[in-house]
Every structure is written in C-alpha cells, then in structure tokens.
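Everything on this sheet refers to the single structure shown next.
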C-alpha cells in the first residue's frame, strides 16, 4: 500500500467519525426542533385556547347577569354577543389542535355551548316581559350548563398543561442524550487521529527503510559522487533499497559514458569535413534561384493590375446590392410597423366594444335603481299616511317617512342624469368605433402598397446578385492566375530561402559539432569525478 493511500485511510477514518458526530448532532437537533414545534404550535396554543374559552365563558355569564340587572343596558348585550362569538371561535380552534382522544371532549363542549346559547336566547326573550322568569331560567338551566362546561374546560386545560410539561421533559432528555453521544463520537475521533499519527510514523519508517536522517546522509554522499559508499540492506520496497539500486545504476552509467566519449570525438571530426563540402554546393544553388525569382515577380505584378480593376467593379456591384438589401429591410420594418398599427387599432376597437357593453350594463343598473327609488317613494307615501292615522304618536315616524320620500326623489333625479350621461358616452363610443374601422381600412391599404414596393426592390436585388456572380467568376479567374504566378514566385523564393536556411543550419551544425566535441571532453572529465 502506498504512503498516499495510508495517509488517506487515516484521514478518512478521523473525518468519518467527526462527520458521524456532526450528522448525529444535526439529526438530534431536527428531532428536538420537531418536538419543540409541537410544544409551541400545538400544546401551548391549545392551552391558551382553553384558558381563553374559560375566560370568555365567565365573561358571557357576567354580561348576562348585567343584562338581568339592567335590561336597557346595550353595552351588556354587546359584551354578551362578543363573548359568545369569541367562545365559539376558541372552541373551533381547540378542536382543530386537539388530538383524537380530546376531540370528542371538545365536540361535547361545543354542543353544551350551543345549548347554553339557546337558553341565553330564551332568557333575553323573557327579560323585557318577565324579569323574574328570566332569572329563574338562568339559575335552573344556564348556570348548570356553564358549571358543567367549566369543569370540562379546567380538566382539559390541566391535561394539556401536563402534556406540554411532558414534551418539555422529553426535549430536555433528547438534548442531554445527544450531547453525550456527540461528545463520545468526538472523543473517539480524537483517539483515532492520535492512533493514525502513530501508525503513519511507523509506516513512514518502514517505507524509508531507515531513519529519515540516515537516508538524507546517504543521499548527500551519492549526490557528491561517492558511488562506492556502502548502503545498509533494507526491505526491497523501501526507499533505502531503491537508493542502493540507484547507486549501482549510476556507477554503470558513468563507466559507459567514459567508454563512449572517445568514440564520439572521432565521429564528430569526420562529420565536420563532410558538412564543409555540402556548404559550398548550397551557396551555388542559391545564386541561380535568385535570378529566376526576379522574372516571375514581373509577371505577377501585371496580373495584379488586372485583378485590381475587377475588384473595383465588384465593389460597385456590392454597393448596389447593399442599397437593395437596406431598402428591403426598411420595407420589412414598415410592413411590421403597419401590422403593429393594425393590431393596436383592432385592440382599441375591441376595447370600445367592451366599453359599450359595460355602459349597457350600467344603464340596466340605473334602471333598477330608478325602479327602487320609485318603490321607495311609494313606500314613504304609505308610511306618511299611516303616520297621519296614528296622530300625535306617529309624528316622528312621519318625519322619517318624509325624509325617505325626499331621498327617493333625489335618487330618481340622479338616475335620470346618469342615464342622460350614459347616452352621451355611448354616442361617443359609437363615433370612436366608426373612426377606428375607417383607420383600420386605411392601414390595410397602406400595408398593401408597401408590400408591392418590397416586391419591386427584391426583384432589383436579384438582378444585382446575378451581375455580382458573373463579375465574381471573372475576378476569380484573374485571381487564380495571379495566385498561380505568386505561388511560382513563392516556391522559387522558398527554395532560395531554404538554401539560405540550409547554409545557416550548416553553419550552426558546424558550430554544434565543435560544441559536441567539447561536450564529449567535458563528459569524460565529469565522469572522472565519480568514485566507482
């Protein structure tokens, strides 16, 4: 196993234990969070609902007693109604929060509350006629029902508080257990890391084959040329054994370099003589190629003049095609603009139609309001007649009937004005719709003219394209001729440059051969410093 794999295994073991501790802590935290959520969003809220329901039940009883003491006290009636509504709402909320075992109990409370409300309604009916009978009903029916509800509410509130306390204890137990297990995993990870360090040091010494300082000393001796130093025996897979093999290989290599250096010096001398002869022949070839290059260059200049004239013609044809393309783009943009205008015009016409339909709905509503005003006026008249029959006791009612009649007359007058205004609005909408229809027709006619203009411009662009293709063929033929001349000239120039390059390389080769000879001598002197 390599040292890298050993280090990786030790590191993986320590990290795995740490990750295990972190994952366990996160899972425990999630469990605690779930229990705490149930505690705060269920048991605590249910406890508050039951406590508030008990308070509202007391409030309803107190408000009922205030009514029995003073039946004309409107505040007592309002407090009673509010307490009944709040109590019903709290019982509904408690039923939703309760577990399956408590839900039937809450349902029974809701049933008792409904019976209590019925009894309270009968008491309120008797208050204005027989106050003593109302008090008797309260004592005999309402109070026993409330006492029964009170006992159940207090009992369930106590049970809910016990459940909440049990949840708190469970959360505390989970936190304590999680802390203990996480601490144990962390301690195990530390112990594993310590063991891993000891194991890595042991593996490192086995891999080196000796103490690291001893290995470094031997490496320094070998680097200084001491290939005759004795290296202790070690395991075949250790660095010390590999260093011994390296020492033996270097010794053999130094001996081979000494033997081959003399042969290399003799070979370099012979190669230098042959290179000097080749250098003279390449110089003669370069002079001949320079003369041929001048003649081909003159022919290439003439062909380039003809190609320039063809390019000028191509440029003018391309400019014409560009103008045609720009005209086509402008026409397409104009068509798109006219399409957009037509689309917007149709949208406005559709909106005007919807506005006309909505105005008809408003007219219908105004008619209904007018009918209601007429009926109200008639009812006010009947009320005034009945008030007159009642004499002095009906004077106040007569005043109210007169005000209702005046209000009905003003409403009828307003509906007439609204109907007149809606008539003028509908007339304006009809005129706008007619103008939009005429505008749409005009836009369609203009778009057709633009389309015809685009067709003509496209035909002109097609003609320009055909002319450009013909001129392009001519220019291509001329360019091919010029390219051929340039290729010939370039080939001659390349041969001349190649000859010059060969001359330069031969100079470099001669210099390299001299350097090689000196290098062979240097290598021989370098190997002499090794002690084999």
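In the numbering used here, the protein residues as written are 178 to 709.
Each residue gets a CB set at the ideal place from its N, CA and C atoms; glycine is no exception.
Rounded to whole angstroms, residue 238 and residue 354 show a C-alpha spacing of 50 Å. With the rule of 3 Cβ pairs closer than 8 Å, the region 302 to 317 does not count as touching the region 328 to 342.
Burial state of residue 296 is buried, judged by a 10 Å Cβ sphere holding 16 or more other Cβ atoms. Contact between the region 267 to 287 and the region 223 to 238 is established, with three or more Cβ pairs separated by less than 8 Å. Taking a C-beta distance under 7 Å as the contact criterion, residue 244 and residue 234 do not qualify as a contact pair. With contacts defined by Cβ atoms closer than 7 Å, residue 547 and residue 600 do not form a contacting pair. Taking residue 614 as reference, the option from 285, 569, 626, 521 with the minimal CA-CA separation is 521. Bounds of the alpha helix (DSSP H) holding residue 242 are 221 to 246. CA-CA distance, residue 192 to residue 363, rounds to 10 Å.
In terms of CA proximity to residue 260, 236 leads the group 624, 590, 429, 236. The criterion of a C-beta distance shorter than 7 Å is not satisfied by residue 246 and residue 257.
The Cβ atoms of residue 274 and residue 348 do not sit closer than 7 Å to each other.
Looking only at 389, 433, 539, 391, the smallest Cα-Cα distance to residue 596 is reached by 539. Taking a contact as a CB-CB distance under 8 Å, the pair residue 559 and residue 586 does not count as one, their CB atoms being some 16 Å apart. Residue nearest to residue 323 within the set 291, 629, 696 is 291 (criterion: CA-CA distance). In the three-state reduction of the DSSP assignment, residue 389 falls in the helix class, which pools H, G and I. Residue 281: member of the alpha helix (DSSP H) spanning 280 to 304, first to last residue. The alpha-carbon of residue 557 is positioned some 6 Å away from that of residue 581. Going by C-alpha positions, residue 569 is about 30 Å away from residue 549. In this structure, DSSP gives residue 277 a state outside helix and strand, which the three-state scheme calls coil. With a beta-carbon spacing of about 5 Å, residue 398 and residue 406 fall inside the 8 Å limit used to define contacts.
The beta carbons of residue 340 and residue 220 sit closer together than 7 Å.
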